[in-house]
Amino acid sequence: MKRVFILVISLLFLSSCSNIGRDLTSLEPARESVNAMGTITDFIVYGSYADEGVQKGKEILLDLEQKMSLNRENSEVNQINLEAGKKPVSVSKDTFEVIKRGVYFSKLTAGQFDITIAPITELWNIGQDNQRIPNDKELKKACSLVNYKNIKLDEKKRMVFLEKEGMKIDLGGMAKGYAADKILKTFREMGIENALVSVGGNIKVIGKNPQENRPWKVGLRHPRKARGSYFATLDLKDGQTVVSSGDYERYFIKNKIRYHHIFDAKTGKPSRSGIIGVSIICDNSMDADALSTSVFLLGNKEGKGLIDKIEGVEAVIITDDLEVQMTQGAKSKVKLLEDHL
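Pasting the structure below:
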């Protein structure tokens, strides 16, 4: 499920430091931005292995893009979709893990979050030159192809089969989070102690911000103001991630109606749950990726109820009347700015 963020998280920590002469105590990070997986990934990495870390991170992104992107003709996900209703497809450990977790969250939300949403997203093409409002007949046909229960997994052989021809998986709602998790895990294994990675707004950190000798601070972007406007700030501690979903970036307006990219699988239309944005704070970026979309689709009451049942996960929700709702644990982590909304 392709997701872009209403509470798009922007770094408050910005620098233009040189990458020359870094060592273990250097306060000069390696910084680089990479275009991969259909989005921009920003690296801020400290220490003597910073440059090697950035390079390894880029390799991970490109590898996962080749495996999971719908924009790569020969990706494993496209091969699964091509063989829908015909035969199972063998996939890598990475792709299988993301699909398996996607099925888990699809079950957890009773199909509100559904990784087989692609037939609907492809109809609308929101954010593309050919975006449009499909007719009811088209929507009905697309909705008939969306059902995670028709995904069959063979864990022993790592094979994936879509039972119905025309079905399609879209891992956009989880793959970026998985990438962030994998990159930061690799950094730790390399001995990197302080880093921040933002994969299309999926932010995950290790250590702290050495230049300020404090936790990494990020801003939560205002849902209805220009880029660079924030309604709150958040300190991320070692290993934490924050991911957002909402109606903010990929949308178009027609006849004063906002058509965004997060779709209700039952109607085939943009969700009208009463929420315009969600931020999830936890330790697993892939899970946060799925949960941010799930809460958006479920609505405020049901969404908060879901988060309250999951240990170590907190949520910040903005309703369509611009009220900020938080789970109990988020209240101590998130600082609302004056005149925040």
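Take the sequence shown: its letters are residues -21 to -1, 1 to 320, numbered as in mature numbering (1 follows the signal peptide of the UniProt record, and there is no 0).
Glycine included, every Cβ here is placed at the ideal spot set by N, Cα and C.
Where residue i falls: helix, strand or coil (DSSP)
| i | result |
| --- | --- |
| Pro249 | strand |
| Ser224 | strand |
| Ser208 | coil |
| residue 331 | In the structure displayed, the chain extends from -21 to 320; residue 331 sits before or after that span and is not available. |
| Arg193 | strand |
| Leu315 | strand |
| Lys37 | helix |
| Phe75 | helix |
| Thr272 | helix |
| Ile94 | coil |
| Glu7 | coil |
| Ala309 | helix |
| Asp133 | strand |
| Glu62 | coil |
| Val82 | helix |
| Lys43 | Correcting the residue type first, residue 43 is Leu in the shown sequence and not Lys. Three-state DSSP puts Leu43 in a helix. |
| Tyr28 | coil |
| Leu301 | coil |
Nearest residue (CA-CA) to residue i, options the options
| i | options | result |
| --- | --- | --- |
| Leu277 | Val292, Met265 and Gly253 | Gly253 |
| Ser224 | Ile96, Pro202, Val176 and Lys288 | Pro202 |
| Ile297 | Phe275, Lys288 and Phe242 | Phe275 |
| Leu215 | Lys235, Asn181 and Tyr227 | Asn181 |
| Lys147 | Lys131, Leu285 and Asp108 | Lys131 |
| Leu316 | Lys37, Ile94 and Phe210 | Phe210 |
| Thr212 | Val82, Val197 and Val222 | Val197 |
| Asn14 | Asn104, Arg237, Val178 and Phe75 | Val178 |
| Gln34 | Asp243, Phe166, Val295 and Asn263 | Phe166 |
| Phe218 | Lys164, Ile96, Phe75 and Val82 | Sequence check: residue 218 is Gly here, not Phe. Cα-wise, what sits closest to Gly218 is Lys164. |
| Lys119 | Tyr127, Glu134 and Leu102 | Leu102 |
Cβ-Cβ separation, residue j to residue i (assumed contact under 8 Å), whole Å
| i | j | result |
| --- | --- | --- |
| Gly156 | Asp318 | Gly156 to Asp318, Cβ: 32 Å. No contact. |
| Lys161 | Ile39 | 6 Å |
| Leu49 | Asp149 | 6 Å |
| Val221 | Phe22 | Wrong, their Cβ atoms sit about 17 Å apart, outside the cutoff. |
| Ile78 | Gly152 | Contact doesn't hold; Cβ gap of about 12 Å is too wide. |
| residue 373 | Arg111 | In this structure the chain extends from -21 to 320, so residue 373 is not present and cannot be described. |
| Ile185 | Glu172 | 7 Å |
Exposure label - residue i; buried when at least 16 CB within 10 Å
| i | result |
| --- | --- |
| Arg251 | exposed |
| Ser311 | exposed |
| Gly(-1) | Below a pLDDT of 50, predicted positions are generally treated as unreliable, and Gly(-1), at 45, falls in that range; the measurement from the model is reported next regardless. So Gly(-1) ends up on the exposed side. |
| Ser123 | exposed |
| residue 323 | Limits of the chain in this structure are -21 at one end and 320 at the other, which puts residue 323 out of reach. |
| Val313 | buried |
| Gly207 | exposed |
| Lys66 | exposed |
| Leu61 | exposed |
| Leu141 | buried |
| Gly291 | exposed |
| Asp300 | exposed |
| Arg193 | exposed |
| Gly170 | exposed |
| Gln107 | exposed |
| Thr306 | buried |
| Ser273 | buried |
| Lys288 | exposed |
In DSSP terms, what residue i is bridged to
| i | result |
| --- | --- |
| Lys283 | Lys283 is not bridged to any residue. |
| residue 331 | Residue coverage of the chain in this structure runs from -21 to 320, which leaves residue 331 outside it and unanswerable. |
| Arg51 | Answer by DSSP bridge pairing: none, since Arg51 is not bridged. |
| Ser123 | Answer by DSSP bridge pairing: none, since Ser123 is not bridged. |
| Ser264 | DSSP, once it has assigned bridges, lists no residue as partnering Ser264. |
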